[in-house]
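Participant: Quick one: this structure, given as structure tokens, is what I'll be asking you about.
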Amino acid sequence: MERVPILKIGDILLVSIQLDMSDQTAVQLQEDLAERIVATGCHGVIIDITALDIVDSFVGRMLSTIASISKVLDAETVVVGMRPAVAITLVELGLSLNGIRTALNVERGMELIAAARADELEYQLDDDPDAETATP
Numbered sequence: 017m018e019r020v021p022i023l024k025i026g027d028i029l030l031v032s033i034q035l036d037m038s039d040q041t042a043v044q045l046q047e048d049l050a051e052r053i054v055a056t057g058c059h060g061v062i063i064d065i066t067a068l069d070i071v072d073s074f075v076g077r078m079l080s081t082i083a084s085i086s087k088v089l090d091a092e093t094v095v096v097g098m099r100p101a102v103a104i105t106l107v108e109l110g111l112s113l114n115g116i117r118t119a120l121n122v123e124r125g126m127e128l129i130a131a132a133r134a135d136e137l138e139y140q141l142d143d144d145p146d147a148e149t150a151t152p
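When we follow our numbering, the leftmost residue of the sequence shown carries the number 17, and every step to the right adds one.
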């Protein structure tokens, strides 16, 4: 069985789907990715689907499931490289990909994750009564 490679780049895991996703490959990817998020403590997952020419309802559900698993494990998911035909197909299938942010390329996806992480850290500081506050 083929496996989808998962690369660690800083605080982000990059998944580049370069093959047709069978059911078994998708389930293995979900398990591998969940293990890598926990093992590395990464707070971002980028799924690059540039190589996918077509997406069916199975792949759409798989992306949603991966995003949900990642969110539970404290990692934001961004899907990058979506072709116009893939976007049209997802909309026609009624798959809104809830919980998944999208970006045109990996660089923009990394920026989205960095911004989301900065917002989350700022929110945590605002809620922490023990956080140091500067006084003039």
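Every residue, glycine too, gets a C-beta built ideally from N, C-alpha and C.
Bridge partners for L23 per DSSP, in chain order?
Facilitator: According to DSSP, L23 bridges with L30.
Participant: Would you call the segment 83–95 and the segment 125–138 in contact, with 3 or more CB pairs under 8 angstroms?
Facilitator: The segment 83–95, when compared against the segment 125–138, does touch it at the 8 angstroms Cβ threshold.
Participant: Can you tell me whether A150 is buried or exposed? The criterion is at least 16 other CB atoms within 10 Å of its CB, across all chains shown.
Facilitator: A caution first: A150 carries a pLDDT of 47, below 50, which makes its placement in the model too unreliable to give a value.
Participant: Per DSSP, which residues does G60 bridge with? Please list them.
Facilitator: G60 is bridged to I28 and E92.
Participant: Tell me whether the beta-carbon of D64 lies closer than 7 angstroms to the beta-carbon of S32.
Facilitator: Cβ atoms of D64 and S32: closer than 7 angstroms.
Participant: Checking 7 angstroms against the spacing of the C-beta atoms, do T83 and I116 come in under that value?
Facilitator: Per the sequence shown, the amino acid found at residue 83 is Ala instead of Thr. Yes, these two residues count as a Cβ contact at 7 angstroms.
Participant: What's the C-alpha gap between D27 and N121?
Facilitator: Cα to Cα, D27 sits roughly 17 angstroms from N121.
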